[in-house]
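Participant: One structure is given below, represented as structure tokens, and several questions about it will come after.
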Amino acid sequence: MLRFSLRRRCHAPDTIRQMEPLQIGVLAVQGNFREHAAMLRTLGADVTEVRKPEQLEGLDGLVLPGGESTTFTRLMGLYGLDEAIRSFDRPVFGTCAGMIVLDRSHLGLVDIHVRRNAFGRQLASFETDLDVAGIDGPMRAVFIRAPWIEDAGDGVEILASVDDHPVVARDGRFLVASFHPELTDDTRLHQLFLDAVRAARGVGEPHLRLATGQEVDDVLAQPELRAAGG
Amino acid sequence: MTEHGTMRVKSGLAEMLKGGVIMDVVNAEQAKIAEEAGACAVMALERVPADIRVDGGVARMSDPDMIKGIQAAVTIPVMAKCRIGHFAEAQVLEALDVDYIDESEVLTPADNLHHVNKWDFKVPFVCGATNLGEALRRIAEGAAMIRSKGEAGTGDVSNAVTHMRSITGGIRRLVSLRDDELYTEAKNLQAPLELVQWVAANGRLPVVMFTAGGIATPADASLCMQLGADGVFVGSGIFKSGDPEKRARAIVEATTHYMDADVVARVSAGLGEAMVGIATSTLGASDLLESRGW
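Going down the list, the protein sequences come from chains A and B.
Residues in the first sequence are numbered from 1 upward in steps of one, following our numbering.
Residues in the second sequence are numbered from 1001 upward in steps of one, following our numbering.
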């Protein structure tokens, strides 16, 4: 109701658009897309499952989930999703298999070389407390037949490592992690991604400044508006 | 603290397999065909269920050399089967570093009363189930993934459909019950109360559920996905058909695009001969695999 009343009274459509939920696609050809979608929704995003290129249209950001990278590669190639993702110019977050398909030898979008199944087979899978740069306090990180970053270009920022092997990194608009934040309740890495998406959409902080120069919070506090909205 | 083999780590791999196809393979060549077709994992076994059915006799865990050969041939997860209740076979498979163990009714049961205590293992297990109570009993024993049993090696999807409807229908029923009715329902299901309450609260099993048994066509895969499966196992259906490579690719594509009938129609065309089927209604009670396990 408040959003509706703002729309009607303030005549600031661009600002209002910036307040609307972020449109996030999750690659859904195979793998753990449902949990990513659920986590993104709890953070307020609108989620689209992406199986074909046209489903990328209008998205503010894209998540490439965990799964089997060989399966992803084949199914992306069938419908030209690989080319479509290469030309997608918004922030992208890849986890596990999603990180693999972004590397130099797959889609070639992130300046890293990823070693598949680097920690070993399933018996070597583990969960651990992981410190990630930019996130306050450790994350419980679940690694499943996980890869690590074998080599990274100069522009790549390493955000976390396990036994000196980089496992979380940022390269411009790309965020990659070799573990599965979507398997826990910890939303902080997804929030970090959504912050980047929001920034790329042209909105810095939730404290929006309206075209009138007023802070949104101040406008919302006006008694007449609250009455209209309520 | 770093931990291996937690339930989250075990069920986590199943989560990654979702939306995918797991294919039975009997040698490295078939495993490579499966991987190239887009399988998310392979099941390494000496004989596919259709052959086990024909050969008769006792079906056991596969030769470790054969499993190692397949592990060396592909990079996707490799699963292998142990007999129901045969925890020593399971120990061998864990020592071989397989990615998942299928405690399977396709092999001849080793224990007529007890399944493997799967909590004793760091390697995850998938188990078959024909109804909700059976699925929850397996999860109580530590299974990190469930598959509907179907009737393996027949190419007849009807039992898989029956089991899927039974499990998903059972879940819908639990959701509709009052809290104070769940105690008796747990008794009726012969399943632990805590799991019954969890399912009632969440509307799904606490682990991933695939379909298995009798899937032979892309439309079969689409059917099972639409009935609520998270993915499909295809056993004899691929390598007992006329053109395994093409059929494997088609079933993978149909599993991803199961809601898109245009895609399923396109990939269903020109697949050559499907496996020769056996209608499960013609099988005697002693030939049914689904009644193994309890």
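Built from N, CA and C at the ideal position, the CB exists for glycine as well.
Computed from a predicted structure; not experimentally measured.
Tell me, please, whether the CB atom of V142/A is closer than 8 Å to any CB atom in chain B?
Facilitator: Here residue 142/A refers to the residue found at position 142 of the first sequence. Cβ-Cβ to chain B under 8 Å: yes for V142/A.
Participant: May I ask you to report which of helix, strand or coil DSSP gives P166/A?
Facilitator: By one-based count along the first sequence, residue 166/A stands at place 166. If DSSP states are grouped into helix, strand and coil, P166/A belongs with the strands.
Participant: How should P113/A be labelled, buried or exposed, when 16 other C-beta atoms within 10 angstroms of its C-beta is the threshold for buried?
Facilitator: For this step, residue 113/A is matched to residue 113 along the first sequence. It should be pointed out that residue 113/A corresponds to His in this sequence rather than to Pro. H113/A should be labelled exposed.
Participant: What does Q30/A reach in chain B if we use C-beta pairs closer than 7 Å?
Facilitator: Here residue 30/A refers to the residue found at position 30 when the first sequence is read from its first residue. Per Cβ cutoff of 7 Å: G1019, G1020, C1040, T1256.
Participant: Chain A beta carbons: is any one of them nearer than 8 Å to that of I1076/B?
Facilitator: Locating residue 1076/B in the second sequence gives position 76, counting from the first residue. Closer than 8 Å: yes.
Participant: Going by other Cβ atoms of all chains shown within 10 Å of its Cβ, with 16 needed for buried, is V132/A buried or exposed?
Facilitator: The count along the first sequence starts at 1 and reaches residue 132/A at position 132. Buried, since its Cβ has 16 or more Cβ neighbours within 10 Å.
Participant: Out of curiosity, what's the CA-to-CA distance linking V1058/B and I1067/B?
Facilitator: Reading the second sequence from its first residue, position 58 is the one you call residue 1058/B. Reading the second sequence from its first residue, position 67 is the one you call residue 1067/B. Approximately 19 Å, taken between the alpha carbons.
Participant: Would you please verify whether the beta carbon of F126/A is less than 8 Å from any beta carbon of chain B?
Facilitator: For the purposes of this step, residue 126/A is taken as residue 126 along the first sequence, with counting starting at 1. So yes, F126/A belongs to the interface.
Participant: Run through chain A and tell me which residues come within less than 7 Å of T1006/B, C-beta to C-beta.
Facilitator: Walking along the second sequence from the start, residue 1006/B turns up at place 6. Ordered by position in chain A, the residues that pass the 7 Å Cβ test against T1006/B are E127.
Participant: Under a three-way DSSP split, which group does Y1183/B fall into?
Facilitator: For the purposes of this step, residue 1183/B is taken as the residue at position 183 of the second sequence. Looking at Y1183/B - three-state DSSP - the assignment turns out to be helix.
Participant: Who are the near neighbours of G80/A in its chain, counting only those whose CB is closer than 7 Å to its CB and skipping five residues on each side?
Facilitator: Reading the first sequence from its first residue, position 80 is the one you call residue 80/A. Excluding positions up to five away in sequence, the list reads P53.
Participant: With L1205/B and V1196/B assumed to form a contact (beta carbons below 8 Å), what rounded beta-carbon distance in angstroms separates them?
Facilitator: Taking the second sequence and counting its residues from 1, the one referred to as residue 1205/B is at position 205. Taking the second sequence and counting its residues from 1, the one referred to as residue 1196/B is at position 196. That pair is no contact at about 11 Å.
Participant: To the nearest angstrom, how far is it from the Cα of L1132/B to the Cα of E83/A?
Facilitator: Your numbering for residue 1132/B matches position 132 in the second sequence. Your numbering for residue 83/A matches position 83 in the first sequence. Answer to the nearest angstrom: the Cα atoms are 43 Å apart.
Participant: With a floor of 4 residues, list each alpha helix (DSSP H) that falls wholly inside the segment 1033 to 1062 of chain B, ordered by position along the chain.
Facilitator: List check, alpha helix (DSSP H) in window: 1049 to 1055.
Participant: Check each residue of the segment 106 to 139 of chain A: if its Cβ is closer than 9 Å to any Cβ of chain B, include it; give the result in chain order.
Facilitator: Within the segment 106 to 139 of chain A, the residues whose Cβ lies closer than 9 Å to some Cβ of chain B are R116, N117, G120, R121, Q122, L123, A124, S125, F126, E127, T128, D129, listed in chain order.
Participant: Quick one: is K1187/B buried, meaning 16 or more other Cβ sit within 10 Å of its Cβ, or exposed?
Facilitator: As a first step, residue 1187/B is located in the second sequence; it is residue number 187 there, counting from the start. Exposed, because fewer than 16 other Cβ atoms sit within 10 Å of the Cβ of K1187/B.
Participant: Going by the C-beta, is A1072/B closer than 7 Å to any heavy atom of the ligand MG?
Facilitator: Among the components modelled here there is no ligand, and therefore nothing to report on the ligand MG.
Participant: Under 8 Å, Cβ to Cβ, is there at least one residue of chain B near L40/A?
Facilitator: Against the first sequence, residue 40/A aligns to sequence position 40. No, L40/A does not count as interfacial toward chain B.
Participant: Could you give the DSSP three-state label for V1263/B: helix, strand or coil?
Facilitator: Here residue 1263/B is taken as the residue at index 263 of the second sequence, counted from 1. Of the three classes helix, strand and coil, the one that applies to V1263/B here is helix, per DSSP.
Participant: Can you name the residues that DSSP bridges to W1198/B?
Facilitator: Position 198 of the second sequence holds residue 1198/B. The partner list for W1198/B (beta bridge, DSSP) is empty, contrary to what the question assumes.
Participant: With contact counted as at least three CB pairs below 8 Å, one residue from each stretch, are the segment 1238 to 1246 of chain B and the segment 1126 to 1141 of chain B in contact?
Facilitator: With the cut-off at 8 Å, the segment 1238 to 1246 of chain B and the segment 1126 to 1141 of chain B do not touch.
Participant: Note down, in chain order, all residues in the segment 53 to 76 of chain A with a beta-carbon under 7 Å from any beta-carbon belonging to chain B.
Facilitator: Those would be G66, G67, E68, T70, T71, R74, L75, in chain order.
Participant: Beta-carbon of D151/A versus every beta-carbon of chain B: anything under 8 Å?
Facilitator: On the first sequence, position 151 is the one that residue 151/A refers to. Not an interface residue.
Participant: Quick one: Cα of G1020/B to Cα of R41/A, how far?
Facilitator: Counted from its first residue, the second sequence places residue 1020/B at position 20. Counted from its first residue, the first sequence places residue 41/A at position 41. Answer to the nearest angstrom: the Cα atoms are 24 Å apart.
Participant: Put F88/A into one of helix, strand or coil per three-state DSSP.
Facilitator: The residue given as residue 88/A occupies position 88 in the first sequence. F88/A falls in the coil class under three-state DSSP.
Participant: DSSP three-state call for R1292/B: helix, strand or coil?
Facilitator: For the purposes of this step, residue 1292/B is identified with residue 292 of the second sequence, where counting begins at 1. Three-state result, R1292/B: coil.
Participant: Contact check, V1098/B vs V1074/B under 8 Å by CB: the rounded distance?
Facilitator: Start at 1 with the first residue of the second sequence, and residue 1098/B comes out as number 98. Start at 1 with the first residue of the second sequence, and residue 1074/B comes out as number 74. Not a contact, Cβ separation roughly 12 Å.
Participant: Output the distance between the C-alpha atoms of T1006/B and M1209/B, rounded to the nearest integer angstrom.
Facilitator: In the second sequence, residue 1006/B corresponds to position 6, counting from 1. In the second sequence, residue 1209/B corresponds to position 209, counting from 1. Answer to the nearest angstrom: the Cα atoms are 19 Å apart.
Participant: Quick check on this structure: which residue in A1014/B, H1163/B, T1256/B, E1046/B has the alpha carbon closest to the alpha carbon of K1207/B?
Facilitator: The residue labelled residue 1207/B in the question sits at position 207 within the second sequence. The amino acid at residue 1207/B is misidentified as Lys; the sequence shows Val. Out of A1014/B, H1163/B, T1256/B, E1046/B, A1014/B has the C-alpha closest to the C-alpha of V1207/B.
Participant: How many angstroms separate the CA atom of M1001/B from the CA atom of L1289/B?
Facilitator: Within the second sequence, the letter at position 1 stands for residue 1001/B. Within the second sequence, the letter at position 289 stands for residue 1289/B. Computed Cα separation, rounded: 43 Å.
Participant: Answer yes or no: do G67/A and G31/A have a C-beta to C-beta separation smaller than 8 Å?
Facilitator: The sequence position of residue 67/A within the first sequence is 67, counting from 1. The sequence position of residue 31/A within the first sequence is 31, counting from 1. Yes. Within cutoff.
Participant: Distance, Cα to Cα, K1223/B vs T1256/B?
Facilitator: Your numbering for residue 1223/B matches position 223 in the second sequence. Your numbering for residue 1256/B matches position 256 in the second sequence. With the sequence shown as reference, residue 1223/B is identified as Leu, and Lys is not the correct amino acid for it. C-alpha separation (whole angstroms): 12 Å.
Participant: Can you name the residues that DSSP bridges to V1025/B?
Facilitator: Taking the first residue of the second sequence as 1, we reach residue 1025/B at position 25. Its beta-bridge partners are A1044/B.
Participant: What number of angstroms, rounded off, separates the C-alpha of S161/A from the C-alpha of A1279/B?
Facilitator: Taking the first residue of the first sequence as 1, we reach residue 161/A at position 161. Taking the first residue of the second sequence as 1, we reach residue 1279/B at position 279. Using only the alpha carbons, I get a separation of about 55 Å.
Participant: From F4/A to L192/A, what distance separates their C-alpha atoms?
Facilitator: As a working note, residue 4/A is residue 4 in the first sequence. As a working note, residue 192/A is residue 192 in the first sequence. Confidence at F4/A is low in this model, with a pLDDT of 45, below 50, so the placement of that residue is unreliable and no value is reported for it.
Participant: Can you round the beta-carbon distance between T1154/B and G1277/B to whole angstroms, since I take them to be within the 8 Å contact cut?
Facilitator: Within the second sequence, numbered from 1, the residue matching residue 1154/B stands at position 154. Within the second sequence, numbered from 1, the residue matching residue 1277/B stands at position 277. So it is a contact: roughly 6 Å between Cβ atoms.
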